[in-house]
Amino acid sequence: MAQSPSRPFRSRDWFADPQRSDMTALYLERFMNYGLTPEELRSGRPIIGIAQTGSDLSPCNRIHLELARRVRDGIRDAGGIPMEFPVHPIFENCRRPTAALDRNLAYLGLVEILYGYPIDAVVLTTGCDKTTPAGIMAACTVDIPAIVLSGGPMLDGWHEGELVGSGTVIWRSRRQLAAGQIDEEEFLQRACSSAPSAGHCNTMGTASTMNAVAEALGLSLTGCAAIPAPYRERGQMAYETGRRIVEMAYEDLRPSRILTRESFLNALSVVSCAGGSSNAQVHIMAMARHAQVRLEPDDWTTQAYDLPLLLDMQPAGRFLGERFFRAGGVPALMWELLQAGRLHGDCLTVTGRSMADNLEGREAKDREVIRPFAQPLMDKAGFLVLRGNLFDFGIMKTSVISERFRARYLSRPGQEGVFEARAVVFEGGEDYHARINDPGLGIDEDCILVMRGAGPLGWPGSAEVVNMQPPDALIQRGVSALPTLGDGRQSGTSDSPSILNVSPESAAGGGLRWLQSGDLIRVDLNQGRCDALVSPEEIARRLRELPAPPIPPSHSPWEALYREKTGQLDQGATLDFALEFQRIFQRTPRH
Ligand code: FES
Ligand code: MG
């Protein structure tokens with residue numbers, strides 16, 4: 004390992020400033036009362052932060068409370084000094100009104116810690132959906148040497164001989180509950196069976212997707228993302244990550260040297276061929292913007308839509324995290340892309356080597372789970388960006404469009420990929436639950452369920468509520484999915500064919516605002532269009548008569564500030580003023 008850093012460590016400014024020995028004494032003294040010595044703090048060795056996202060409030064990341072011990076061992080053995088500190092908790096399933104509020108809050112908090120304390124490099128512990136982008140966004144703003152250590156998915160869930168995956172089992176079982184095929188007790192049993200151990204969601208939901216994205220971006224050690232949380236390899240990965248971040252501190256290997264347009268395009272490709280979460284669109288855009296990398300909303304269609312589905316993992320496929328790991332995990336998926344000429348192999352990574360170098364010898368070991376590029380589960384399985392008179396941006400995850408849905412909506416002779424449906428409009432989640440089973444709405448198979456008021460401003464935070472299931476009566480007749488559309492998001496574990504993340508949202512004056520139940524909506528996947536068949540004159544008339552969009556009050560200081568400062572989902576829902584702050588690590592704060 005290099006023993007002289009490529010520039011003096013920033014922490015020396017705190018602990019070894021010959022001009023200010025009075026201040027140095029103050030900085031040093033309290034670290035000594037848990038075992039550090041002035042000698043080691045002044046030794047010139049790098050101080051490595053461990054950004055701890057695990058807590059009782061963040062059970063998906065709780066494994067990091069244990070893993071941090073292995074990270075510390077690695078840091079020590081490589082000659083660094085570990086300092087662990089807490090990050091604002093994020094727990095997707097439990098945070099009301101939505102965990103989307105927490106991503107930007109955790110980001111802000113982490114930026115201040117990394118900037119304001121004597122830290123020379125950082126291990127970002129990640130797991131639950133938004134913990135990954137929050138950490139990476141902060142590392143980009145600060146531009147501090149950073150490495151991602153995910154906590155890994157839970158073990159596979161089993162219930163009566165069947166695989167039950169996080170989240171996905173909920174969406175599937177609630178349809179069976181509505182159809183009268185199972186009772187509440189069975190529902191609960193399945194849900195609990197899907198969470199058999201420590202770890203994050205074991206499906207290719209948003210957590211697995213975002214950790215795969217971190218690896219695809221080159222920010223994790225090779226093979227990190229897919230290792231299940233309780234496996235021995237996870238602890239070994241924690242140790243190796245601790246060792247490597249010390250070297251990165253010496254090499255001054257910062258996110259700005261790793262993250263490029265090409266590495267972000269690699270991430271888009273991995274999400275597409277993995278059948279990953281639609282939430283990746285929001286978070287990848289946010290990370291790219293904080294990294295000052297140009298990414299266009301349309302890149303999802305132009306760069307990666309034509310990629311095939313290679314990974315047979317729920318919700319788009321059958322298996323769960325353990326099988327994915329044993330099949331080779333993210334490197335095996337990327338290996339397929341590289342062989343097919345669909346990966347930028349020369350991107351630099353945290354290993355200090357190129358992605359192509361990292362992928363050598365990483366061919367998949369289980370071809371049932373990870374398909375060869377030429378024999379995929381589905382052709383053209385990426386994400387489609389749509390626009391029209393209702394919105395400038397919406398995204399559709401095509402890998403979860405079922406055969407039945409394709410046959411019903413997308414396969415009319417001469418009209419493939421095009422359908423028209425009658426809008427049934429709901430004002431947020433409460434309205435949907437109150438009215439979905441009202442026979443008076445006359446919902447049938449020719450309807451599209453629309454949700455508005457669910458975006459960053461309207462909810463606030465943007466909620467995972469667009470995966471609306473049909474009325475019970477329709478489900479009982481075998482219609483398990485209707486098209487849906489909304490200005491909120493949907494769970495990454497959902498298998499619902501939806502048009503999501505619609506921007507601008509209705510609360511910000513977007514077109515969903517003037518839409519009325521009964522309007523016909525025409526979706527044309529070939530042209531990337533989604534339009535209400537309403538004349539411009541009629542739209543103008545409605546707009547004249549519409550009152551301002553209803554925005555529920557903010558109930559906390561952060562909700563109010565979030566609403567004031569946060570942009571729309573197509574642009575990553577970032578705190579836009581924060582984008583002005585770049586590479587702030589280069590400055591040291593005043594004494
Ligand atoms: Fe936390 Fe899925 S709810 S990872
Ligand atoms: Mg989620």
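Residue numbers (our numbering): 4 to 594.
C-beta atoms are modelled at their ideal positions from N, C-alpha and C, and glycine is treated no differently.
Three-state secondary structure assigned by DSSP to residue i
{"i": "leucine 298", "result": "coil"}
{"i": "valine 427", "result": "strand"}
{"i": "histidine 436", "result": "helix"}
{"i": "tyrosine 334", "result": "The identity of residue 334 in the sequence shown is proline, whereas the question assumes tyrosine. Helix, per DSSP."}
{"i": "threonine 304", "result": "helix"}
{"i": "leucine 3", "result": "What is shown of the chain runs 4 to 594, which leaves residue 3 out entirely."}
{"i": "leucine 223", "result": "The identity of residue 223 in the sequence shown is serine, whereas the question assumes leucine. Residue state, collapsed to three classes: coil."}
{"i": "methionine 4", "result": "Residue placement at methionine 4 cannot be trusted, given a pLDDT of 48 that sits under 50; what the coordinates show is reported in the next sentence. Here methionine 4 sits in coil by DSSP."}
{"i": "asparagine 504", "result": "strand"}
{"i": "glutamine 378", "result": "coil"}
{"i": "aspartate 369", "result": "coil"}
{"i": "alanine 510", "result": "helix"}
{"i": "leucine 397", "result": "Per the sequence shown, residue 397 should be read as glycine rather than leucine. Here glycine 397 sits in strand by DSSP."}
{"i": "alanine 241", "result": "helix"}
{"i": "aspartate 579", "result": "helix"}
Distance between residue j and residue i (C-alpha atoms, nearest Å)
{"i": "isoleucine 287", "j": "phenylalanine 584", "result": "18 Å"}
{"i": "methionine 4", "j": "alanine 81", "result": "Model confidence at methionine 4 stands at a pLDDT of 48, short of 50, so the residue's coordinates are unreliable; what they give is reported in the following sentence. Distance between the alpha carbons of methionine 4 and alanine 81: 8 Å."}
{"i": "leucine 341", "j": "leucine 127", "result": "27 Å"}
{"i": "alanine 228", "j": "glycine 208", "result": "13 Å"}
{"i": "alanine 581", "j": "leucine 536", "result": "39 Å"}
{"i": "alanine 181", "j": "serine 499", "result": "16 Å"}
{"i": "valine 249", "j": "tryptophan 174", "result": "43 Å"}
{"i": "arginine 492", "j": "proline 416", "result": "32 Å"}
{"i": "glutamate 105", "j": "tyrosine 435", "result": "One detail in the question is off: residue 105 reads as aspartate in this sequence, not glutamate. Computed Cα separation, rounded: 25 Å."}
{"i": "glutamate 187", "j": "arginine 193", "result": "10 Å"}
{"i": "glutamine 239", "j": "valine 145", "result": "28 Å"}
{"i": "leucine 256", "j": "proline 11", "result": "14 Å"}
{"i": "serine 414", "j": "glutamine 574", "result": "32 Å"}
{"i": "alanine 102", "j": "threonine 569", "result": "14 Å"}
{"i": "asparagine 205", "j": "proline 560", "result": "34 Å"}
{"i": "aspartate 360", "j": "proline 41", "result": "41 Å"}
{"i": "glutamine 589", "j": "asparagine 529", "result": "47 Å"}
{"i": "tyrosine 427", "j": "proline 539", "result": "Position check: residue 427 holds valine in this sequence, whereas tyrosine was assumed. Cα-Cα distance, rounded: 21 Å."}
{"i": "threonine 212", "j": "arginine 73", "result": "24 Å"}
{"i": "threonine 401", "j": "serine 357", "result": "31 Å"}
{"i": "arginine 480", "j": "methionine 251", "result": "59 Å"}
{"i": "leucine 262", "j": "glutamine 378", "result": "31 Å"}
{"i": "proline 592", "j": "glycine 512", "result": "41 Å"}
Which listed residue (the options) has its alpha carbon closest to that of residue i
{"i": "alanine 289", "options": "Leu515, Tyr110, Trp161 and Met399", "result": "Tyr110"}
{"i": "threonine 129", "options": "Phe94, Asp123, Tyr120 and Arg390", "result": "Phe94"}
{"i": "glutamate 115", "options": "Leu452, Leu104, Thr135 and Met140", "result": "Met140"}
{"i": "glutamate 243", "options": "Ser223, Leu256 and Asn64", "result": "Ser223"}
{"i": "arginine 365", "options": "Leu336, Asp534, Leu582 and Ala229", "result": "Leu336"}
{"i": "alanine 410", "options": "Met454, Val482 and Arg455", "result": "Val482"}
{"i": "proline 92", "options": "Pro85, Gln55, Ile84 and Gly77", "result": "Gln55"}
{"i": "isoleucine 478", "options": "Asp447, Gly57, Gly164 and Met251", "result": "Asp447"}
{"i": "leucine 70", "options": "Glu254, Phe429, Ala294 and Ala241", "result": "Ala241"}
{"i": "histidine 162", "options": "Ser197, Thr135 and Leu60", "result": "Ser197"}
{"i": "proline 156", "options": "Cys63, Pro121 and Pro100", "result": "Cys63"}
{"i": "aspartate 123", "options": "Arg390, Ser9 and Asp579", "result": "Ser9"}
{"i": "arginine 99", "options": "Ala466, Ile587, Arg586 and Ala476", "result": "Ala466"}
{"i": "arginine 321", "options": "Ser24, Arg545 and Gly168", "result": "Gly168"}
Integer Cβ distance of residue i from residue j, believed to fall under 8 Å
{"i": "arginine 247", "j": "valine 403", "result": "Not a contact, Cβ separation roughly 36 Å."}
{"i": "leucine 260", "j": "leucine 351", "result": "Rather than leucine, the amino acid found at residue 260 in this sequence is arginine. About 6 Å; that satisfies the 8 Å criterion."}
{"i": "isoleucine 524", "j": "leucine 485", "result": "That pair is no contact at about 12 Å."}
{"i": "leucine 158", "j": "proline 199", "result": "5 Å"}
{"i": "leucine 515", "j": "valine 505", "result": "6 Å"}
{"i": "serine 557", "j": "alanine 563", "result": "4 Å"}
{"i": "glycine 38", "j": "phenylalanine 88", "result": "At roughly 16 Å, the Cβ-Cβ gap does not stay under 8 Å, so glycine 38 and phenylalanine 88 are not in contact."}
{"i": "alanine 307", "j": "serine 272", "result": "5 Å"}
Any non-hydrogen atom of ligand 3 closer than 8 Å to residue i Cβ
{"i": "cysteine 63", "result": "What this structure holds is ligand 1 and ligand 2, not ligand 3."}
Jot down the residue ranges of each uninterrupted alpha helix (DSSP H) in the region 129–199, minimum 4 residues, whole runs only, in chain order.
The alpha helix (DSSP H) runs of length 4 or more contained entirely in the region 129–199 are, from start to end of the chain, 134–145, 171–181 and 187–196.
Pick out the complete beta strand (DSSP E) segments inside the region 27–78, 3 residues or longer, and give them in chain order.
Uninterrupted beta strand (DSSP E) stretches at least 3 residues long and entirely within the region 27–78 occur at 50–55, given in chain order.
Mind pulling the beta strand (DSSP E) runs of 3 or more residues that sit fully within the region 269–296?
Listed in chain order, nothing qualifies, since the region 269–296 has no complete beta strand (DSSP E) run of 3 or more residues.
Curious, which full-length alpha helix (DSSP H) runs of at least 4 residues does the region 544–571 contain?
Segments of the alpha helix (DSSP H) lying fully in the region 544–571: 560–568.
In chain order, what are the residue ranges of uninterrupted beta strand (DSSP E) at least 3 long that sit wholly in the region 429–500?
Entirely contained in the region 429–500, the beta strand (DSSP E) runs reaching 3 residues are, in chain order, 450–455 and 487–489.
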